[in-house]
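The sequence shown begins at 1 in this note's numbering and counts up by one.
Just so you know, even glycine gets a beta-carbon here, dropped at the ideal spot from N, CA and C.
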Amino acid sequence: MEEAIALGRSTEMCFYEAELLRLRAHTQDDPATRSSELAAALDLARRQGTPLYELRAALDDFELRGGPARQALVEAFNRMPTDSPLPELARARRMLA
């Protein structure tokens, strides 16, 4: 993962970096480090305008931290098309219910 992130940065082809940061968070045992990685993924996804990656990071963050991450999940959910059949949207609906 580190190599993929470094390659993206060195070539300025960072299309998947937010997703890579989210996945890297899952390799962390320390909850604070995991939360920090998810926050970085969420921030980058927002800046890049990639709502699916934002939603994925927000889902994982909400799963990790609960209530304090709810607003970010709501915002990410609201940026997605409501008629989309994506499983991430179904998961978000369940988590926000």
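Residue i versus the options, residue with shortest Cα-Cα distance
{"i": "E88", "options": "A72, A58, G67, A25", "result": "A58"}
{"i": "F62", "options": "L21, R46, D29, L42", "result": "L42"}
{"i": "A55", "options": "E3, R91, G67", "result": "It should be noted that the sequence gives Leu, not Ala, for residue 55. Nearest C-alpha to L55: R91."}
{"i": "L38", "options": "T82, P81, E3, A69", "result": "A69"}
{"i": "G49", "options": "A76, G67, D30", "result": "A76"}
For residue i, the three-state DSSP class (helix, strand or coil)
{"i": "Y53", "result": "helix"}
{"i": "R79", "result": "coil"}
{"i": "Q28", "result": "coil"}
{"i": "L136", "result": "Nothing about residue 136 can be read from this structure; the chain reaches only from 1 to 97."}
{"i": "S84", "result": "coil"}
Beta-carbon spacing of residue i, residue j below 8 angstroms
{"i": "L64", "j": "L96", "result": "no"}
{"i": "A60", "j": "A25", "result": "First, the residue type needs correcting, since residue 60 is Asp and not Ala in the sequence shown. Yes, the pair counts as a contact, with Cβ atoms nearer than the cut-off."}
{"i": "R79", "j": "P51", "result": "yes"}
{"i": "A40", "j": "L21", "result": "yes"}
Interface flag, residue i vs chain D, CB-CB below 8 angstroms
{"i": "E19", "result": "Included in the structure is just one protein chain, with no chain D present."}
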